[in-house]
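K.L.:
Take this structure, written in structure tokens, and hold onto it; I'll ask about it next.
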Amino acid sequence: MSRAVRKTAGAEGWTGPLLSVEDLNVQFKTRDGLVRAVNGVSFELNAGETIAILGESGSGKSVTAQAVMGILDMPPASIPKGSIRLKGRELVGLSEKDYREIRGTQIAMIFQDALSSLNPVISVGEQIAEMYRLHDGLSRSDAKTAAIDVMQRVRIPAAAQRFGDYPHQFSGGMRQRIMIAMMISQRPQLLIADEPTTALDVTVQAQVMELLAELQRDSDMGLILITHDLGVVADVAQRITVMYAGRTMEQGTVDEIYDQPANPYTIGLLESIPKLAETVERLPAIRGLPPNLLQVPPGCPFHPRCPLAQDVCRRDPRPPLETVSEGHVSSCWFAKEVHARGGLRV
Amino acid sequence: MAVFESDPVLSESDPVLKVVDLAKDYPITRGILFRKQIGTVSAVDGISFELPRAQTLAIVGESGCGKSTVGRLLVGLERPTRGSVFVDGVDLATLSPKALLAKRRDIQIVLQDPYTSLDPRSTVRKIIGEPFDIHPSALPKGKTKKAMVGELMDRVGLNPEFANRYPHQFSGGQRQRIGIARALALRPKIIIADEPVSALDVSIQAQVMNLLMDLRDDFGLSYVFVSHDLSVVRQIADRVLVMYLGRLAEIGSEPQIFEHSTHPYTQALLSAVPVPDPQHQRERESITLGGDLPSPAAPPSACRFHTRCWKAQEICSIETPLPRQLLGEGHLVACHFAEERSMIGTAAGGGDQAQRREP
Amino acid sequence: MGRYFVRRLLQMIPVFFGTTFLIYALMFALPGNPIDTLSRGKPRNPAYLQYIIDQFNLNDPFIVQYFKYIGGIFTGNFGKTFNNVSVIDIFMQRIPVTLQLAATAFVIELVLGIALGIWTALRKGGPFDHLSLLATLLLIATPIFVLGYVVQWLFGVKLGWLPPAGIQAGWPTSYILPGFVLASASFAFVLRLTRQSLLEVFGSDYVRAARAKGLPAWTILRKYSLRNSLIPIVTFLGADFAALMGGAVITEGIFNIPGIGQQLYQSIRLHESVVVVGLVTVLIVAYLIMNLLVDLLYGVLDPRIRYE
Amino acid sequence: MSEFFSGRRETEALTDGEPVTDQLLDQVGEDAERDSQALADQVRRQEAEAAASEQLPVSGARPRSLLGDAWYELRHRPIFWVSSVVIVAVLAIAIFPNAFADVDETSSLTGGCNFDNYLQPPSSQFWFGTDQLGCDVYSLTIFGARPSLAVGLIASLLTVALGSAIGVIAGFYGGWIDAVLSRIVDIFFGLPLLLGGIVVLTAISFPSIWGVVFVLVVLGWVSAARLVRSTTIEAKGQDYVMAARALGASNSRIMWRHVLPNAIGPSIVVAVIGLGVYIGAEATFSYLGLGLQDPDFSWGTMISSAQEVFFQAPWTLLFPAGFLTLTILAFILMGDAVSEALDPKRQK
Amino acid sequence: MLRTRRGLALVGAAAVAALGLSACASSSTPGGDTTSSAPAGGGGTFSIAIEEPQNLTPSNCYDLYCFNVLNQMIIGIYDFETQDDGSIKPVPTDLTKAVSTSDNGKTWTIEINPDWTFTNGEKITAKTFVDTWNFAAYGPNGQQLGFVFGPSQLDVVGYDDVSDAKSPKAKTMSGLKVVNDTTLSMELNKPLGESLFANFLAGPQILPMPSTALTVSGSEDFSKQPIGNGPYKMDTPWTPNQSITLVKNPDYKGSTPGNADQIDFRVYNDDNAAWADLQAGNLDILGVSGLPQQALATAEQVLGDRYVNTAGALQFGYYAFPQQTDTFKNKDVRIAIRKAINYQDIVDKLLYGTATVAQSFAPSTIPGGGTDICGDSCVFDAAKAKQLLEQGGGVPGNKVQIASIQGADNSVRKAVCNQIQQNLGVACTLKMFPDFGAMLDAYAKLGAGDTGFILALGWGADNPTINNMIAPLFGTGAPSNYIGYSNKQFDELVARGNAEQDPQAQINDWLEAEKVLYGDFVAFATTFPNTNYGYSEHVSNVKINPQGFVNLAEIQVNGS
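Residue numbers (my numbering), protein chains in the order written: chain A, 1 to 346; chain B, 347 to 705; chain C, 706 to 1013; chain D, 1014 to 1361; chain E, 1362 to 1921.
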């Protein structure tokens, strides 16, 4: 079931995109050198829309999310370049105090590991209720009522009784629901979900994804889904950004990306995952290993692993994002050719 | 489409591994001075299967279902509470400790986590060479340990020059190759692969899968492939055993399970696997199971799945369904209301309207 | 919880006997005759010797002495010193003094250690952090007797801020200097432990999540960071409080605090097994109880920890 | 895990962030059933961290052991270098005192004692001044290094050896062996070092440094044993031990080849820090008159006799105490640096 | 507590409890008015540092500290008085009417003044004394000082019958009789000279106790809060290890009531802490057993004339050569060792002049003490020493050892060793023993072929007589004769002196005995510690006698 992307006017009459990230660069200072974890990433998100940021470990997808959330530890991290605008308001360089007012109320984030993201020594109810007390100034008992409400909304059974329970007393799926309840309690306009279902069993994963979709439908929230799992993304997101070694490799609508990928890396990823519906003699694997971020190869970072790599790929500059069709860009010198081949096996 | 057209169980040769009514209970103890048992966790309860030569049996299920315990029972890391394991027709329980140690060579294991399954203080040479220290007779005549380690590394796609390095200097995929080389060293007949690729990145996962399949073909290995990932299982397995809370839900050949599943749990599992194809995914019929896996310390009565099953009726909580053959040969299902339903093809299988149940 | 409690209590029994036996054996192994030491080489009255020998079972084999002694303890009779002072009386005078000293030291290390630990963790890498690191390490590395004399001389004699010795001025005045000296090493450890475990918690997911929730820094520190770092600190403090009670030999000596440490040192030198074993027994019991309390406190601090 | 709750809380309870249900599963041996997704995720995060920060290039690196890694870490720490320089200097003094001061150390006249030179302040002749017996404090300080260091080195070495052996046995075999050993550890743990030391040193008399060494070992092994026991339990549960077991490795092989090398790491740190602590303990016992006895002397005995004159001749206290403090400090800093370098979770 | 006492440090590990006797009977005003009005300037409170007394029962009071306390609380038959020449002598107290002997010191009659009572109202009669002394001597009571009535001191007739610890034949000594309410008689086995008898009767063991205290449990209760008849009394039981508080006894019958209203005895286990307190003004008097070593260097500078350092505490250190081994067989060698030691230098530098080099075994504060007996043998002369050593054939292996106790401050002995090494060219080391007993055991076990070591010992006298300085140490079979010295001539001279009624003749006999000792030169006295103490500006007229007794009653609290 596909949903149309709704471009609705935001609060205060803002009509632009809910979030726009432009040329974001994030780097970490380490003893071994400067790690450029995110390198010129741009994307936009409208209210009610879901975009997915897809990538393997070390691709910079989580760092991007944390940069938007403003919870990177600076130092060692820094944002030397780029802009993040929430409904037109620049977030890069915002004071901690101002950022704090945005976090939790306008942007919220759920993390991959709900167990370690919940304070183990405070009851879950209290962890939710404190959002109401802090942001809405509710009294202790009102906050409790509100918290139980939101717990019910994310379908935690016997919410009132379980208010005083601690995170470890819940199953993985329930914990992630609590995390979601906490984060949507202030009805944020933007929710970032960083691998929200990676730690869950498939049956539970389906439950949680369904819940997220439902909440988003009800509240017209923008959702950024960070994941490495191409399957999870397929029916949830409208648009996808594929990242590799801190760079955007390809960006486009879900259908475009899956049907007509324009980047060899995306193709490699799609090919290499085993399909439930078919069996093959051999899985077409991407050769080699992802690069170390301290020593990203010059030119296209994917070139050592790319079957199409030519000399031009091995030299700087790296290929620019080339538009292959409307709203579909790819960073590859051969983007057009690849796109034209229509996702053929590489 | 499927690699194997015929049911491998029909193969004439004797199974290399036969498991009969395998069970493992863990005691729950409590006591002030002396611990006494106050209950049991039935981690594995009455699992039986046969593994023909050069084939792969996959055990699938959610976390906590007992699938890894089966692997560990097979490889001798745990003592079964009940049941027998036959390797080449020999019941392991009847062997003397010495003979058992020798027989152990035939079953090796590849563990789940490439980061913890290699001793961080040993070089790769020591790790891969250790099997020869323990079983000196396994070293082929006229070959040094060093040479064998080199060969093994080469075989699993590692540069033998790296033999002096330490595990942490390798990436996850490379480490898993080291683990595989170690398991291969003794030339086993059976390898228990316990979630061997679940910890790996997508692009690496395929490389390791391919390696495993190559090795199977080259050495005539038989695998018991423990996994929660049905997509992966589909690529490698000849037979699939679905477990739920320590018990068998359904067993059958790969096509039987994936295309003609009959157990509601198998169907739910299949339906929940996300498919990286937006169109297909949107059109798929989905069954969302309510609730979580119950605790193995207090499993539901009779059919353990009945608390989450949309087909459950009164009988399910009273009478334990025994594995029975419903469709093809070798396809057993433990459900009172088993019914075929295709969950993966675009051609929708008929059957009940999936109901949502909330716990 | 109840079962766990009982189990722990039962486990104390062998420890109790083992420790008292060990100490008793060691005291018994002390060379020379306690009476030699007691009478300092002066002529002795044979009648007096006999009296002492009878009263302290000195002619019995060691094992008999031990069980007579332990038997006495269980009937509430801790015996008497060679000076005819009841050991119970000694406990009654000494333990409150030592408790006051230990409590003073404890408060110093608790309050200062945790407060400065938080500060340095928040200012990690700053000049204050480095300075406190160096200062605390110096405190740890300086032998306590050197520190004791310096502190006594500087603050007690030279500056005259606080009484240099004795407990005449009562609590807290008399206990501040010795309390500080006694606490010095532990204080440094608490500071570093607090800093370290806070830094560990700062990097945790739930602190990150708390920031994502938009919580103020103080709330995060209090409800998230501190509460989760408390367990190692509590563990250390628990063990340390027991150690403070018995380990004050040197501090109590330098500052003339009539506490347990001082008594023990004297009694060891006088070969007064009765007092030594009695006091050590009390210390061991205190130590075991502290351990138990710390264990129980875990359950309060961390709901994840459940006992059986 | 029968001794799961027997007061080992420093490690188990602290490291156990898992939910109770998971704990239960662990206890009953279901740990293989760990959520593989969570694991995958954890590994992924490790890799991400590795990639994002400190790890080395996966390929092209020279072979390097864990210790090699630690060394790599250490080389980048100024504190490590400062403490190394101090330790090397002090060791050199302890091993070759004659290279630093040419006085016959076998006679009681070490330090060229001459009563005529009573309490001379530091000068070009007596760099550190003289003490109340007219002995050269510089020479005494130089020759006093050896016993001080020897006590620290030998005691911490023996402590770790004894403690590790017992800790590994208790942790590895568990059951009643563990129960008995743990109770013994508890017994010794309840005895404060100083107090026990006073009793033992009053009770026995060993020649030269051996009495102090004996006391430190007898009372000190327990902390190493506790630590190694818990790291052993941790190491025992690791997958690589399971892998070795699956290969058919014997208990002793697993214990010596796999568990011990992995369990002993933290106790090395304890040993380094303990070295400093033991040097200080020797000084304390000597201060109480229970440590080294004439004609042996150490920094501790020097401090002890200096306290009588330190108001009028502060140099008598200052130099030995300074050397003592500096040495202890160096070892503590070194232990600190090493522990951070060995810490798998090291965070920069 | 961390350092051994200075006195001990100086003379060795042995006996220096310096159980000396009291000094508070006023030295200048015998008699005086008996009114209870305090002299001008009376009142106020002062504090004095002591160590924890073992016991406050007189017959169990075997240390300086308890007797300093009891001395203010209970008046007995004799008391010590400091003479104008600085020496001390026992004199009868206000309670004593007369003491006389009928048969040259064998039978003694003691008459006391009537109407004295204990503070609990009990009358003090002759029976009080007889009962107290019988209690002390009775074996099963286990009193430490019972031996005073035995052969080593008074030797009362019938002592043997009561002294057995298990089953004595009698409960009372037959030589002790109540004549009437105020008169008692004491019959001795051997005659004693008057001064010696008086000395024996000036110790704590003879102090009277009320009848309630004369059982084992009664004496224990008594020890917690003694009841006496002296100028001060205890209103509250003492707080062990902390303090003992005395207040003025308004009913005191004696001629010289105390000045201050209250005396606080403060217990210090580490005298360095006491020194810190004295400097900080938290303590008034320190020095019952000398100032701590740490204080000596600066005491004069810090306290000015409130630091007192006078010669002649009743103690000495001595070195003894083993007689059973061949090591020190030659007397020249023994003298050479003494002559190689410059004690004056050691006293000046290490002890800050708080000791006097000994030329005999008795300090100048003892009647007849301070005589130069040793002569040239005890004079430092390095060259002569070396010559004597060669003359005597040297020492085997060219090395000597001096016994020391672990944990004691051995700096003086180290200095001695260094001097021997420097001046004689003989290697000298300290031989360490864990404690006094181990040292004596090793010494006793020495055989002829063994390498002998020099025993370094000390002695603190019970009473100010030359007899007490030598007889217990060198008399054949004497209790503290650790070196096993035996010389008939010496024994005879001592015994003759003991019985001598004429004080000067008595002293001469004892001096002769000392000469015999030095003639053999198996032992020599090294130094006599000085009496040194300090006090705060808060008090004046503080005097501590050579025995370590403080004239507490005479101390004036300034400003009151």
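Beta carbons are placed, not taken as given, at the ideal position from N, Cα and C, and that holds for glycine.
Using a Cβ distance threshold of 8 Å, determine whether the stretch 57 to 68 of chain A contacts the stretch 239 to 252 of chain A, with at least three qualifying pairs required.
P.N.:
Judged by Cβ distances under 8 Å, the stretch 57 to 68 of chain A makes contact with the stretch 239 to 252 of chain A, as three or more pairs qualify.
K.L.:
Use the C-beta contact count for D:Cys1148: other C-beta atoms within 10 angstroms, 16 or more gives buried, fewer gives exposed.
P.N.:
When all chains shown are included, D:Cys1148 counts as buried.
K.L.:
Under 8 Å by Cβ, that's how I've got E:Leu1568 and E:Leu1425 pegged, so tell me the actual separation to the nearest angstrom.
P.N.:
Their Cβ separation, rounded to whole angstroms, is 15 Å, which puts E:Leu1568 and E:Leu1425 out of contact at 8 Å.
K.L.:
For the stretch 1546 to 1562 of chain E and the stretch 1474 to 1483 of chain E, state whether three or more C-beta atom pairs, one from each stretch, are separated by less than 8 Å.
P.N.:
The stretch 1546 to 1562 of chain E vs the stretch 1474 to 1483 of chain E: no contact.
K.L.:
Residues of chain C with CB under 8 Å from D:Leu1346, in chain order?
P.N.:
Going along chain C in sequence order, the residues near D:Leu1346 (Cβ under 8 Å) are Leu842.
K.L.:
How many angstroms separate the CA atom of E:Lys1484 from the CA atom of E:Ile1763?
P.N.:
Spanning the two alpha carbons is a distance of roughly 55 Å.
K.L.:
With a 10 Å radius around its C-beta and 16 neighbouring C-beta atoms as the bar for buried, classify A:Arg282 as buried or exposed.
P.N.:
Flag for A:Arg282 reads exposed.
K.L.:
Can you tell which of A:Cys332, A:Ile102, A:Gln207 has the C-alpha that lies nearest to the C-alpha of A:Val312?
P.N.:
For the residues A:Cys332, A:Ile102, A:Gln207, the minimum Cα distance to A:Val312 belongs to A:Cys332.
K.L.:
Put B:Ser568 into one of helix, strand or coil per three-state DSSP.
P.N.:
Correct three-state label for B:Ser568: strand.
K.L.:
Please report whether the beta-carbon of C:Gln901 lies at a distance below 8 Å from any beta-carbon of chain G.
P.N.:
Any reference to chain G falls outside this structure, whose protein chains are A, B, C, D and E.
K.L.:
Can you list, in chain order, the residues of the stretch 1327 to 1339 of chain D whose Cβ is nearer than 9 Å to any Cβ on chain C?
P.N.:
Against chain C - using a Cβ distance shorter than 9 Å - the residues of the stretch 1327 to 1339 of chain D are Leu1330, Ala1334, Leu1337, Thr1338, Leu1339.
K.L.:
What does E:Cys1789 pair with, by DSSP beta-bridge criteria?
P.N.:
For E:Cys1789, which the question treats as bridged, DSSP gives the partners E:Val1761.
K.L.:
Are B:Val365 and B:Val436 touching if we call contact CB-CB under 8 Å?
P.N.:
Not a contact, by the Cβ cut-off of 8 Å.
K.L.:
Which residues in the same chain have their Cβ closer than 8 Å to the Cβ of E:Thr1468, if we skip the five residues on either side of it in sequence?
P.N.:
Closer than 8 Å at Cβ, skipping near neighbours: Thr1462, Ser1546, Met1547, Glu1548, Leu1549.
K.L.:
Output, in chain order, the set of chain B residues within a Cβ distance shorter than 7 Å of D:Tyr1253.
P.N.:
The answer, in chain order, is Thr462, Ser463, Leu464, Asp465.
K.L.:
With DSSP run on the structure shown, which of helix, strand or coil describes A:Gln205?
P.N.:
Reduced to three states, the DSSP call for A:Gln205 is helix.
K.L.:
My assumption, with CB atoms under 8 Å, is that A:Leu118 sits in contact with A:Met179. Please give the rounded CB distance.
P.N.:
At roughly 7 Å, the Cβ-Cβ gap stays under 8 Å, so A:Leu118 and A:Met179 are in contact.
K.L.:
Distance check for D:Ile1281 and D:Ser1243, CA to CA, integer angstroms please.
P.N.:
If I take the Cα positions, the gap works out to 14 Å.
K.L.:
If the cut is a Cβ gap below 8 Å, which residues of chain D does E:Gln1780 touch?
P.N.:
Simply Phe1128.
K.L.:
Near E:Asn1691, what residues of its chain come up, given a Cβ to Cβ distance below 8 Å and the 5 sequence neighbours on each side ignored?
P.N.:
Within the same chain, E:Asn1691 has close Cβ partners Gly1753, Gly1754.
K.L.:
Report the residue ranges of all alpha helix (DSSP H) runs contained in full by the stretch 1732 to 1762 of chain E; include only those spanning at least 4 residues, in chain order.
P.N.:
The qualifying runs are 1743 to 1752.
K.L.:
Give the range of the beta strand (DSSP E) segment to which B:Arg428 is assigned.
P.N.:
Taken as a continuous stretch (DSSP letters only), the beta strand (DSSP E) holding B:Arg428 covers 428 to 433.
K.L.:
Output, in chain order, the set of chain A residues within a Cβ distance shorter than 7 Å of B:Thr375.
P.N.:
Result: empty, since nearest Cβ-Cβ is about 22 Å, beyond 7 Å.
K.L.:
Using a beta-carbon distance below 8 Å, is A:Glu210 in contact with chain B?
P.N.:
Taking Cβ atoms only, chain B reaches closer than 8 Å to A:Glu210, which makes this a yes.
K.L.:
Rounded to a whole number of angstroms, what is the C-alpha to C-alpha distance between E:Val1787 and E:Ala1746?
P.N.:
Computed Cα separation, rounded: 12 Å.
K.L.:
Helix, strand or coil: how does DSSP classify B:Gln454 here?
P.N.:
Strand.
K.L.:
Does the Cβ-Cβ distance between B:Ile603 and B:Phe395 come in under 8 Å?
P.N.:
No, these two residues do not count as a Cβ contact at 8 Å.
K.L.:
Anything in the stretch 430 to 457 of chain B with a Cβ closer than 7 Å to a Cβ of chain D? List those residues in chain order, please.
P.N.:
The residues in question are Leu447, Arg450, Gln454, Ile455, Leu457.
K.L.:
Once the 5 residues before and after E:Tyr1629 are set aside, which same chain residues still bring their CB inside 7 Å of it?
P.N.:
Ala1410, Glu1412, Ala1635.
K.L.:
Suppose the cutoff is 6 Å on Cβ atoms and the five residues either side in sequence are ignored; what does the same chain contact list for B:Gly385 look like?
P.N.:
Here the set comprises Ile374.
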